[in-house]
Amino acid sequence: MMPASSRSRPAGASRAVLAGRLPRASRHGRFLLRTSAEGAGVRPKGTGWRCYCSAGAASAALRSFSSRRLSSRRMRRSTSSIRISTIALSEAALEALDNGVPLTFELLVRVEWSGARFWEPWLLNKRMRYQIRYNAITELFRVVDLQEGEERNFVTRDAAISALGEINGLALLDRAQLEPGKEYLVWLKASLDIESLPLPLRPLAYLNSEWRLSSGWRQWPLRP
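Have a look at this one:
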């Protein structure tokens with residue numbers, strides 16, 4: 003978990019984003035997090051809160067100008083998961099993956115009171131990391147939850163990337179941390195972690211926009 007004292011408005015949180023409008027997609031890759039007017043947010047789960055995305059209420063995509071679409075399916079209804087409906091990777095990323103280069107993706111989650119000032123700490127400031135890699139010996143693609151150490155193997159690249167888009171059991175906060183009647187905001191951001199690439203590849207990745215893949219910050223309301 004990132005330090006709760008690190009408190010500022012998420013970088014890139016423009017007025018358009020705060021108003022629920024998506025910025026125009028850039029020429030090269032990025033995640034796109036979309037929400038409809040209804041259904042997206044968080045729900046109580048036991049004594050805590052978990053993210054959820056109802057079917058058709060939210061979707062995310064990692065796209066590139068020279069991308070190849072790898073999967074496209076509607077999200078399943080869930081009270082404890084985020085389902086990324088479509089993930090597409092640039093040719094550069096696909097080539098690296100097929101040659102055994104592990105790709106690490108980060109999901110940042112932050113929770114704040116909607117009226118919080120910049121000096122007030124985040125109620126939650128959490129980074130989650132997921133990795134996909136190819137093993138040429140076994141000819142299998144492996145998806146790893148780097149928090150829990152859970153590993154899953156897949157015969158095809160498409161199946162592995164689709165599994166990478168499933169984030170299950172995303173616990174947020176205990177109910178005791180939230181005041182009834184107050185409105186809170188859940189911020190989400192997804193991106194490719196360039197620093198996790200092999201050292202010789204990092205300079206190229208920083209200079210090539212196909213590798214700079216990020217959704218920017220998106221928000222959902224939380225009302226206990």
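Following my numbering, the numbering of the sequence shown begins with 3 at its first residue and continues without gaps.
Backbone N, C-alpha and C define an ideal beta-carbon position, used for all residues, glycine too.
All values derive from a computational prediction rather than experimental measurement.
- Looking at the backbone, the Cα of residue 182 and that of residue 94 are separated by about 48 Å.
- With a cutoff of 8 Å on beta-carbon distance, residue 186 and residue 113 are scored as near each other.
- Within the same chain, 99, 100, 102 and 143 come within 7 Å of residue 136 by CB-CB distance, once the 5 residues on both sides are set aside.
- In this structure, residue 217 sits away from residue 178, with a CB-CB distance that is not shorter than 8 Å.
- The beta carbons of residue 129 and residue 110 sit about 5 Å from each other, so the pair counts as a contact at 8 Å.
- Residue 107 sits buried, since 16 or more C-beta atoms from the chains shown fall within 10 Å of its C-beta.
- Here residue 127 is bridged, per DSSP, to 112.
- The alpha-carbon separation between residue 168 and residue 198 amounts to approximately 21 Å.
- Secondary-structure assignment with DSSP links residue 137 through a beta bridge to 142.
- Every alpha helix (DSSP H) stretch that sits fully inside the segment 147-221 and reaches 4 residues is listed by chain position as 159-166 and 204-209.
- Ranking 138, 151 and 120 by CA distance to the CA of residue 157 puts 138 first.
- With contacts defined as CB atoms closer than 8 Å, residue 163 and residue 196 fail to qualify as a contacting pair.
- Annotation for residue 210: 94 place their beta carbon closer than 7 Å to its own, counting only its chain and skipping 5 residues before and after.
- In this model, residue 188 and residue 91 are separated by some 27 Å (Cα to Cα).
- Between residue 201 and residue 213, the beta carbon gap of about 14 Å keeps them out of contact (Cβ cut-off 8 Å).
- By the neighbour-count definition (other C-beta atoms within 10 Å, threshold 16), residue 155 is an exposed residue.
- The beta-bridge partner set that DSSP reports for residue 104 is empty.
- Taking all protein chains shown into account, residue 121 has fewer than 16 neighbouring C-beta atoms within 10 Å of its C-beta and is therefore exposed.
- Straight through space, the alpha carbons of residue 123 and residue 184 are spaced by roughly 16 Å.
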